[in-house]
Amino acid sequence: FNLAKGYKERQMAAYSELQQAEFAAEADGYTATKHQREVGTGYFDAVSLAISGGKSSTTAMADSTEKAQF
């Protein structure tokens with residue numbers, strides 16, 4: 056609700072403020088900024104690669120800019 060209201064009033068600035076607050080909350084243990092890790096993307100990529108013999112074209116983390124972050 057707050058993001059939608061903020062977006063109506065401040066457009067993308069509201070989204071940027073949300074992201075900045077989430078990154079700042081990492082110091083308090085907030086982990087959702089690492090959402091790929093939170094949902095187990097690496098695990099599902101490994102399963103896909105095992106099934107496809109390493110030739111899966113649908114993995115999420117391969118060649119991702121997010122890979123180094125997580």
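Per my numbering, the sequence shown starts with residue 56, numbered consecutively. Backbone N, C-alpha and C define an ideal beta-carbon position, used for all residues, glycine too. In this text, all values refer to a predicted model and were calculated from it rather than measured experimentally.
By DSSP, does residue i sit in helix, in strand, or in coil?
{"i": "residue 66", "result": "coil"}
{"i": "residue 56", "result": "coil"}
{"i": "residue 87", "result": "helix"}
{"i": "residue 34", "result": "What the structure shows of the chain is the stretch from 56 to 125, and residue 34 is not part of that stretch, so it cannot be assessed."}
{"i": "residue 102", "result": "helix"}
Using the beta-carbon count (16 or more within 10 Å), is residue i buried or exposed?
{"i": "residue 100", "result": "buried"}
Whose C-beta lies closer than 7 Å to the C-beta of residue i among residues of the same chain, with five residues either side of it excluded?
{"i": "residue 69", "result": "58, 61 and 62"}
{"i": "residue 85", "result": "77"}
When the Cα atoms are used, what is the spatial distance from residue i to residue j?
{"i": "residue 104", "j": "residue 112", "result": "9 Å"}
{"i": "residue 89", "j": "residue 74", "result": "12 Å"}
{"i": "residue 98", "j": "residue 80", "result": "26 Å"}
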